[in-house]
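A quick write-up on the structure given underneath.
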Amino acid sequence: METSSVSKLLIFFFTAFLASSKLIQCSITYDKKAILINGQRRILISGSIHYPRSTPEMWEDLIKKAKDGGLDVIDTYVFWNGHEPSPGNYNFEGRYDLVRFIKTVQKLGLYVHLRIGPYICAEWNFGGFPVWLKYVPGISFRTDNEPFKRAMQGFTQKIVQMMKNEKLFASQGGPIILSQIENEYGPESRALGAAGHAYINWAAKMAVELNTGVPWVMCKEDDAPDPVINACNGFYCDGFSPNKPYKPTMWTEAWSGWLMFGIDSGLTLEMLISPFLYLIFVPPILRRFTEFGGPIHQRPVQDLAFGVARFIQKGGSYVNYYMYHGGTNFGRTAGGPFITTSYDYDAPIDEYGLIRQPKYDHLKELHRAIKLCEHALVSSDPTVTSLGTYHQAHVFSSRQGGCAAFLSNFHMKSAARVTFNNRHYDLPPWSISILPDCKNVAFNTALVGVKTSRIQMLPTNTKMFPWEAYDEDISSLGASSRITAPGLLEQMNVTRDNSDYLWYTTSVDISPSESFLRGGQKPTLNVDSAGHALHVFVNGQFSGSAYGTRENRRFTYAGPVNLHAGTNHIALLSVAVGLPNDGLHFETWKTGIQSVLLHGLNQGKKDLTWKKWSYQVGLRGEAMNLVSPHGASSVEWIRGERVQGSLAARSRQSMTWYKTYFNAPGGNEPLALDMRSMGKGQVWINGQSLGRYWMAYAKGNCGTCSYLGTFRTTKCQSGCDQPTQRWYHVPRSWLKPTKNLLVVFEELGGDVSKISLVRRSVL
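With mature numbering (1 follows the signal peptide of the UniProt record, and there is no 0) applied, the sequence shown corresponds to residues -21 to -1, 1 to 742, in that order.
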């Protein structure tokens, strides 16, 4: 009897083990209809959340909100420059704890699409590449180049092996069901020809041979070689088809906000409803990111839902929102150049981790309706029937008798009443109704039943301690420089991106006979720069500034200068505002000062370009680490009445460090610094960088925003004539209960007494 009981118990545990093994170890394959998980076709809804753009303390809440919003998959890039800041030295801690992030996704029951790249674009500094990679001998990025391929393969193998060691691929029982190699390579492939084709074939082969047990994806790469799946990125992707009939139709980036889409106003119905004509006649997508000095771009949720429904009704089976939570470009991680510190993206979950309505709930209802259709959607191709000039029905049927229909109205202005299966349906303009049973409408993309959330930035009870100041030393720049050279050096070659700042200093002798010294017009200094910003100092005095833009990084400073007879000292501070993150061979693009001319002398002009120049990387305050509690206490700050009584006067003073302390406010609402009273610079709390700030006022075409019709670059802009970014996210996990150190470096001049800590509240 006992033996029998033991045997039954063993059989029970063995059966349970086998059952759990089948649940844990997933088979991930694909066919022409969908990704298959354990042999079952799935409609998968995904959302991008980038782990370094939030804090580990935020991750679980963000992922839970994503799951509650109807997502199946969390999509993230892998950030090479964050993980390998110098060759062979790796960082997988804090915000870069990739394993912890993926295990958090797994804990909450979602899948992962791991987009290794390792080129990621992502409006991230240098496109995710570490700057040291540029200086590998003989290297050329993203082409058939052995030094680059060797480095790329090494990092990719590193990440894949780390995932295998932690058993994070679905084939091992983990959540990773897809991986991506390379990123948006199509334009480069076409430009590079044979070298690009050879490279992309090598990249695919290298990735597949890593034997992850899950499919690999390439987005925006029509030539993705088998078995890699090519996928679409864009504002709409219903005109996309994979490059082989046995691959599923996947949309790896459905842009949720920042990205605008420019098309000719002569767009016809045939172009809208015919994938072939759509691809031929619709001009290239025009990206517009939130940049300092630009407006905020938004995308109405009605149009986003319409785009997703269009994709699903054409047979699409995987959609990823880029972004579902955008987050923050902490530190100097923003790329561009000129990309803002906020990466909010008008996403369903905002930068601070709060739900954005009606976008979040409207998409949640869309996902619910799509899931009700899932069995029919993965069982057949749609049967398309015309219901009128601008109207169609896409009908999906399963062998078991299930039926789902998508009724569309492509007219940009007029609603319509259509007849389908002997029933009448009212369709708002530019919308799709989803009928999971081919009878009853479960969802219409244009009908929003959720109120728009009102976001307010409200005062906290926190008061700043008295401010203290430390002036950046400009007078001794040339004397302390360790680098001198004839001519002007390219900025990144000198700084290696260890700082945004590079000082160029030289001197010029002025003869007492110069006519401007006797009341004539002042000489003019002309400085040509390859980007991104410039501050000019002559004889220790600030003379002026100039800036480029994201569209045109190059600019020229031209301004009068105060010179005296004898030796005059010229100090030019060149400032990077994020390194480029896309473009053909962007690693070769230049930054910094290109030429310097002095006009208005008796001899006409004096070319200073090839004089002897001295260089200093970074600021003195950076070298002394004034942003850390230890560094901040290592110098004598100007304090007391000498600062408080002169803050108004100091608001016009450039190149100044400020520090104060504050106690953390109560509650759990997200926090931000209101920096509107400042100019341009960087800000730190307890040694951690909130990022770059810049009160550049937005120029754009702000007005009303309608979801109707395909977006153009001028639609749905907001924030004109206001600072592009006024508030800067302060993670609560960075704060102590009392005496938090706040350090500000101000380049132009600002009133620190008006900086305040605010809380973000949803009403």
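Each residue gets a CB set at the ideal place from its N, CA and C atoms; glycine is no exception. These numbers were taken from a predicted model, which means no experiment stands behind them.
Provide the residue span of the alpha helix (DSSP H) that contains residue i, from first to last.
i	result
residue 355	353 to 356
residue 739	Not the alpha helix (DSSP H): residue 739 falls in the beta strand (DSSP E), residues 735 to 741.
residue 126	125 to 144
residue 85	77 to 86
residue 540	From DSSP, residue 540 is part of no alpha helix (DSSP H); its letter is neither H nor E.
residue 62	59 to 62
Measure from the alpha carbon of residue i to the alpha carbon of each residue in the options, then state which is nearest.
i	options	result
residue 590	483, 718 and 731	483
residue 665	60, 503, 83 and 643	643
residue 579	697, 597, 206 and 496	496
residue 648	708, 618 and 601	708
residue 479	6, 314, 430 and 50	314
residue 151	710, 637 and 190	190
residue 187	44, 139, 442 and 396	139
residue 540	55, 531, 499 and 526	499
residue 654	734, 703 and 723	734
residue 43	332, 725 and 532	332
residue 562	530, 214 and 11	530
residue 86	147, 125, 64 and 100	147
residue 363	380, 386, 436 and 593	386
residue 216	488, 450, 294 and 119	294
residue 325	39, 305, 184 and 634	305
residue 50	509, 71, 65 and 303	303
residue 341	389, 423, 311 and 370	423
residue 667	47, 4 and 73	73
residue 688	58, 164 and 214	214
residue 76	222, 34, 617 and 491	34
residue 507	489, 485 and 534	534
residue 322	427, 610, 360 and 271	271
residue 111	71, 79, 63 and 31	63
Looking at residue i: is its Cβ nearer than 7 Å to the Cβ of residue j?
i	j	result
residue 300	residue 233	yes
residue 695	residue 681	no
residue 439	residue 736	yes
residue 559	residue 429	no
residue 9	residue 204	no
residue 384	residue 417	yes
residue 509	residue 583	no
residue 135	residue 95	yes
residue 588	residue 575	yes
residue 481	residue 553	yes
residue 703	residue 675	yes
residue 435	residue 740	yes
residue 104	residue 312	yes
residue 743	residue 451	Nothing about residue 743 can be read from this structure; the chain reaches only from -21 to 742.
residue 12	residue 20	yes
residue 375	residue 359	yes
residue 525	residue 273	no
Do we get a CB-CB distance below 7 Å when we pair residue i with the residues of chain C?
i	result
residue 17	Although the question refers to chain C, the structure presented lacks it and comprises just one protein chain.
What's the call for residue i, buried or exposed, on a 16-neighbour Cβ count within 10 Å?
i	result
residue 542	buried
residue 212	buried
residue 24	buried
residue 726	buried
residue 240	In this predicted model, residue 240 has a pLDDT of only 32, less than 50, meaning its place in the structure is not dependable; the value taken from the coordinates is given anyway. So residue 240 counts as buried.
residue 602	exposed
residue 805	Residue 805 is absent from the structure shown; the chain starts at -21 and stops at 742.
residue 586	exposed
residue 731	buried
residue 638	buried
residue 92	buried
What residue range does the beta strand (DSSP E) around residue i cover?
i	result
residue 54	52 to 56
residue 653	650 to 653
residue 195	195 to 198
residue 185	That residue, residue 185, is in no beta strand (DSSP E); its alpha helix (DSSP H) goes 173 to 187.
residue 429	Careful: residue 429 lies outside any beta strand (DSSP E) and carries neither H nor E.
residue 663	659 to 664
residue 46	Run containing residue 46: none in the beta strand (DSSP E); it sits in the alpha helix (DSSP H), 35 to 47.
To test your reading of the DSSP string, which unbroken alpha helix (DSSP H) runs of 4 or more residues are found completely within the segment 431 to 464? 456 to 459
Return the chain-ordered ranges of every beta strand (DSSP E) run that is complete within the segment 282 to 310 and spans a minimum of 3 residues. 297 to 304
At 4 residues or longer, what runs of the alpha helix (DSSP H) sit wholly inside the segment 566 to 613? 599 to 602 and 608 to 611
Every unbroken beta strand (DSSP E) within the segment 675 to 731, with a cutoff of 3 residues, ordered by chain: 706 to 709 and 719 to 725
Segments assigned alpha helix (DSSP H), at least 4 residues, entirely inside the segment 342 to 425: 353 to 356
Output the residue ranges of the beta strand (DSSP E) runs that lie fully inside the segment 479 to 526 and measure 3 residues or longer, sorted by chain position. 480 to 489, 503 to 508, 512 to 517 and 520 to 526
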